[in-house]
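Numbering (the numbering used here), first residue to last: 749 to 989.
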Ligand code: SAH
């Protein structure tokens, strides 16, 4: 039976997931602890990716080559870009793109050279399951005003914390819902390996001049409860192993 990988970018989220695992044991690879065990009755491996595209790509490549993984779920937080994507909402990616990839004029802006594409689609079944799990989690945690959005999430090696940068991203990528720092890297690696994946992000800030304050408050107070809740609901609904 192949395992489901749950990857998080931040310590707070990892801690919440590990606390809910009855039997986790660490396997050390490339300076990371891959926690193998069970969560909500499923066989899982849970790992902290660290922050940024390279860290996420290394983590994904190790999971896929060494941990007998059938699919990968990436959880974390993101900055809201599109109007109406507010702090406390959840965004489930249907595709990911590297907003800082630019080999123009050799290739169109954002296209990953030699892949012939800028966007990497997530697995539709996993994404639908995570969207449903997110709605259940928000209702459980008493946040009925929070919304679950599905669409494009963009990634780059920048914490977007200025209104001007946010405006530029929205102008260049008008359908982008949210920005973060890992998802599109994971997407490219999963594409290479032919393994399904999904990315779910809770919105910690609006990627504007207040982003660092909002981000820190959200991570401290909310992020880990959201992540644990939605991951448990998602795993609960899967067939028993
Ligand atoms: N102080 C934090 C740094 C986190 S960097 C720490 O040491 O853990 C921000 C993380 O949240 C990244 O993993 C990124 O994917 C996500 N994120 C949240 N808001 C973001 C924004 N406005 N721009 C880019 N990434 C954001």
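C-beta: ideal position from N, C-alpha, C; glycine also. Computed from a predicted structure; not experimentally measured.
Three or more pairs of CB atoms, one per stretch, sit closer than 8 Å, so the segment 816 to 828 contacts the segment 922 to 937. Nearest to residue 765 by alpha-carbon distance, out of 981, 972, 988, 987, is 972.
For residue 908 and residue 801, the gap between their C-alpha atoms comes out near 15 Å. Rounded to whole angstroms, the gap between the alpha carbons of residue 755 and residue 853 is 35 Å. At least 8 Å separates the beta-carbon of residue 845 from that of residue 879. Exclusion of the five residues before and after residue 763 leaves 972 as the residues of its chain whose Cβ lies within less than 8 Å of its Cβ. The beta carbons of residue 885 and residue 789 sit no closer together than 8 Å.
In this structure, the alpha-carbon of residue 932 lies about 7 Å from that of residue 902. Contact between residue 934 and residue 820 is confirmed by a C-beta separation of about 7 Å, below the 8 Å threshold.
For residue 953, the enclosing beta strand (DSSP E) covers residues 945 to 953.
In terms of CA proximity to residue 841, 873 leads the group 873, 893, 856. In this chain, residue 908 is not harboured by any alpha helix (DSSP H), its DSSP state being neither H nor E. Burial is judged here by how many other beta carbons sit within 10 angstroms of a residue's own beta carbon; residue 864 has fewer than 16 and is exposed. If you check the CB distance, residue 838 and residue 943 do not come in under 8 Å. In this structure, residue 792 has its beta carbon at no less than 7 Å from each heavy atom of the ligand SAH.
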